[in-house]
Amino acid sequence: QVQLQESGPGLVEPSQTLSLTCTVSGGSITSGADFWSWIRQPAGKGLEWIGRIYTSGTTNYNPSLKNRVTISVDTSKNQFSLKLRSVTAADTAVYYCAREFSYWGQGTLVTVSS
Amino acid sequence: QTVVTQEPSLTVSPGGTVTLTCASSTGAVTSDYYPNWFQQKPGQAPRALIYSTTSKHSWTPARFSGSLLGGKAALTLSGAQPEDEAEYYCLLFYGGAWVFGGGTRLTVL
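So the sequence lines, in the order shown, correspond to chains B and U.
Here the first sequence stands for residues 16 to 129, where the numbers follow the working numbering.
Here the second sequence stands for residues 132 to 240, where the numbers follow the working numbering.
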């Protein structure tokens, strides 16, 4: 069964870049799925779709984040990654990666603070 | 900006039936929006229940079903169990971008 695990710094300073990686196990990132997604959730609030990447490399982003987000895939490592630039406190959230929207990682809390 | 609206909260009695809905600010929700539904319990990651309006995952309990109802996407829970108390989110597709609803807090009481 496919499993996903987010990893990356739990604390990022304002104006810096948030970088997270999602490692896929139990199957190849190039098979069995059309796309891989990032979603976030501020404490006590709802879910927000950040973006997705197809295994071909094609990406789609949330229009509200598009200017700051890059999602990439490294098929050799069975990983895909999220970069969010110029972060502020409003970017503090639990960040989830998902295979399409079926399988989700456990989430990782990222706090933006100096 | 596209807004997806869900009931903020609903209550259902154990063994009862409840329908959660998901509306789009752009108009009627159709199958072209590929409605998805998720269940989230406190401290846990969301769990997918329904995709493409009506399709269930292998782990989705039979008491959950998805449909289109009155221009909205709908999630019906028939025979509510105490363990169904959770937050439920819908997700709609807008030609390349996806938008989550604000969530419905379902109480089984």
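Every residue, glycine too, gets a C-beta built ideally from N, C-alpha and C.
Sub-8 Å separation of residue i and residue j beta-carbons
i	j	result
Tyr110 of chain B	Trp119 of chain B	no
Leu223 of chain U	Val160 of chain U	yes
Ser96 of chain B	Leu26 of chain B	no
Pro177 of chain U	Leu35 of chain B	no
Gln31 of chain B	Val102 of chain B	yes
Thr85 of chain B	Ile44 of chain B	no
Asn4 of chain B	Trp64 of chain B	Outside the displayed span of chain B (16 to 129) sits residue 4 of chain B, for which this structure offers no information.
Glu21 of chain B	Thr90 of chain B	no
Gly226 of chain U	Cys153 of chain U	no
Reference residue i; option with closest CA among the options
i	options	result
Leu205 of chain U	U:Thr238, U:Ala176, U:Tyr164, U:Gly227	One point to set straight first is that residue 205 of chain U is Ala, not Leu, in the sequence displayed. The shortest Cα separation from Ala205 of chain U among U:Thr238, U:Ala176, U:Tyr164, U:Gly227 belongs to U:Tyr164.
Leu99 of chain B	B:Leu19, B:Arg55, B:Asp89, B:Gln121	B:Arg55
Thr235 of chain U	U:Ala176, U:Gln137, U:Arg178	U:Gln137
Asp106 of chain B	B:Leu33, B:Gly61, B:Tyr76	B:Leu33
Ser156 of chain U	U:Ser198, U:Gly202, U:Leu141	U:Gly202
Val149 of chain U	U:Phe231, U:Gly210, U:Gly233	U:Gly210
Leu200 of chain U	U:Gly233, U:Pro166, U:Lys187	U:Pro166
Gln18 of chain B	B:Ala48, B:Val84, B:Ala104	B:Ala48
Ser183 of chain U	B:Ser30, B:Val88, B:Ser117	B:Ser117
Lys187 of chain U	U:Val239, U:Glu214, U:Trp168, U:Trp229	U:Trp168
Pro241 of chain U	U:Leu180, U:Leu151, U:Ala179, U:Glu216	With chain U represented from 132 up to 240, any question about residue 241 of chain U goes unanswered, as that position is not in the structure.
Cys37 of chain B	B:Asn75, B:Leu80, B:Gly23	B:Gly23
Val135 of chain U	U:Phe195, U:Gly158, U:Val143, U:Gly226	U:Gly158
Gln94 of chain B	B:Trp64, B:Gly72, B:Ala58, B:Lys60	B:Gly72
Tyr219 of chain U	U:Gly174, U:Pro139, U:Gln132	U:Pro139
Ser198 of chain U	U:Gly226, U:Pro213, U:Gly227, U:Leu151	U:Leu151
Residue burial classification, residue i (beta-carbon count within 10 angstroms, cutoff 16)
i	result
Arg114 of chain B	buried
Gln170 of chain U	buried
Ser87 of chain B	exposed
Ser52 of chain B	buried
Thr142 of chain U	exposed
Trp190 of chain U	exposed
Q. Using a Cβ cut-off of 7 Å, which residues of the stretch 217 to 234 of chain U contact any Cβ in chain B, in chain order?
A. Tyr220, Leu222, Gly227, Ala228, Trp229, Val230, Phe231, Gly233, Gly234
Q. Any residues in the stretch 81 to 98 of chain B with a beta carbon nearer than 8 Å to a beta carbon of chain U? Which ones, in chain order?
A. none
Q. Taking only runs of the beta strand (DSSP E) that begin and end inside the stretch 66 to 129 of chain B, which ones reach a length of at least 3 residues, in chain order?
A. 74 to 76, 84 to 89, 94 to 99, 108 to 114, 123 to 127
Q: Give the residues from the stretch 157 to 177 of chain U that approach chain B closer than 7 Å (Cβ to any Cβ), ordered along the chain.
A: Asn167, Ala176, Pro177
Q: Compile a chain-ordered list of the residues in the stretch 99 to 116 of chain B whose CB is closer than 7 Å to at least one CB of chain U.
A: Tyr111, Phe116
Q) Closer than 7 Å, Cβ to any Cβ of chain U: which residues of the stretch 41 to 65 of chain B, in chain order? A) Gly61, Leu62, Glu63, Trp64
Q) What residues in the stretch 194 to 212 of chain U bring their beta carbon closer than 7 Å to a beta carbon of chain B? A) none
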